[in-house]
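Chemist: Counting in the working numbering, the sequence shown runs from 1 upward without gaps.
Glycine included, C-beta positions come from ideal geometry on N, C-alpha and C.
These figures come from a predicted structure and were not determined experimentally.
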Amino acid sequence: MLTTQDLLLRQLEPSDLEVLYQWENDVALLPYRDDLNFYSRAQLEQYILSAGYNLTEAGQQRFMIQLKQRETIGCIDFFDFNAQHKRAGIGILIGEMGHWGKGYATQALEAALHFAFKDVKLHQVFCNISQSNERSRRLFEKSGFSLVGEKKEWLYQNKGYESEFLFQRLNPYQ
1 MLTTQDLLLR QLEPSDLEVL YQWENDVALL PYRDDLNFYS RAQLEQYILS AGYNLTEAGQ
61 QRFMIQLKQR ETIGCIDFFD FNAQHKRAGI GILIGEMGHW GKGYATQALE AALHFAFKDV
121 KLHQVFCNIS QSNERSRRLF EKSGFSLVGE KKEWLYQNKG YESEFLFQRL NPYQ
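(1) Starting from Leu166, follow the beta strand (DSSP E) in both directions and report where the run begins and ends.
(2) Nearest-angstrom Cα distance between Leu109 and His99?
(3) When DSSP labels each residue in this structure, what does Met1 get in the three-state scheme?
(4) Buried or exposed, going by whether 16 or more other CB atoms sit within 10 Å of the CB of Leu147?
(5) With C-beta atoms as the reference, is Ser163 less than 8 Å away from Glu153?
(6) Which word fits Ser15, buried or exposed, when buried means at least 16 other C-beta atoms lie within 10 angstroms of its C-beta?
(7) Pick helix, strand or coil for Ser132, following the three-state DSSP scheme.
(8) State the DSSP-derived secondary structure class of Tyr39, mapped to helix, strand or coil.
(9) Apart from the five residues on each side of it in sequence, which residues of its chain come closer than 7 Å, Cβ to Cβ, to Leu17?
(10) Identify whether Lys86 lies in helix, strand or coil by the three-state DSSP scheme.
(11) State the CB to CB distance for the pair Gln131 and Asn171, rounded to an integer number of angstroms; the pair is presumed to be in contact (CB under 8 Å).
(12) For Ile76 versus Tyr104, is the C-beta distance shorter than 8 Å?
(13) Count the other CB atoms, across all protein chains shown, that sit within 10 Å of the CB of Ala112; report buried if there are 16 or more and exposed otherwise.
(14) Short of 6 Å in beta carbon distance, which residues of its chain neighbour Glu96, apart from the five on each side in sequence? Order them along the chain.
(15) For Leu20, report the span of its alpha helix (DSSP H) as first-last.
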C-alpha cells in the first residue's frame, strides 16, 4: 500500500466492482478514456479476478486511489511494462468528479512514480494524452513529464480526429 498526506493507493479488490462498473460506464468520463467500450459487471468481475498484482510479473498493475476516510475516488494504472527497457505506461482517473481540482491526482501520481522509480527501478514512465485533455496535460507536466511526441489525428472523437501527445519522465534517482 502506498500512502500520501490524504490518500492510500491500494491493490484492486473484489469490493471495487461497483465503483469500477460506475466509472467504466459513465458517459461523462468517456472523453477522458482511450477506450470507448462499456463493460458489464461480469466482465469487470473477471478482470478483477484475473488482474495481476505485481507489475513485473503481470506487465500491468492497478492501484485504487482511496481517501484516508475510506472513500475510493479513482485509480492509477501501470501498463505495457517492459522489463528489458525498464519502462511502463501510466494512466490515472479520478472517477468521482466532485474530487477534481483538489490535488488528489497530483498526490496519487507522485506516490505511484516514487513506487515505479524507487521500488521497481524503472528507467522511464510514459503516458499518452489526448489533445483536448488539458487537465491531464497540466497534471503530467507539473509532475515532471516532458512532451516527446505527437501522434497526429490519432484519436477519433465525436467532433472528428484529434492528436494524442506522448509524454515521458525519466527516473530522477538514477
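Modeler: In terms of the structure at hand:
(1) Where Leu166 is concerned, the enclosing beta strand (DSSP E) stretches over 160-170.
(2) Spanning the two alpha carbons is a distance of roughly 15 Å.
(3) Of the three classes helix, strand and coil, the one that applies to Met1 here is coil, per DSSP.
(4) With fewer than 16 Cβ atoms within 10 Å of its Cβ, Leu147 is classed as exposed.
(5) Cβ atoms of Ser163 and Glu153: closer than 8 Å.
(6) By the 16-neighbour rule on beta-carbons within 10 angstroms, Ser15 is exposed.
(7) Collapsing the DSSP output to three states places Ser132 in coil.
(8) In the structure shown, the three-state DSSP call for Tyr39 is coil.
(9) In chain order, Arg41, Leu44, Glu45, Ile48 place their CB closer than 7 Å to the CB of Leu17, counting only its own chain and leaving out the 5 sequence neighbours on each side.
(10) Three-state DSSP puts Lys86 in coil, outside helix and strand.
(11) About 27 Å separates the Cβ atoms of Gln131 and Asn171, ruling out a contact at the 8 Å cut-off.
(12) Using a Cβ distance threshold of 8 Å, Ile76 and Tyr104 do not count as a contacting pair.
(13) Here Ala112 is buried. Its C-beta has 16 or more other C-beta atoms within 10 Å.
(14) Closer than 6 Å at Cβ, skipping near neighbours: Ile73.
(15) Its alpha helix (DSSP H) spans residues 17-24.
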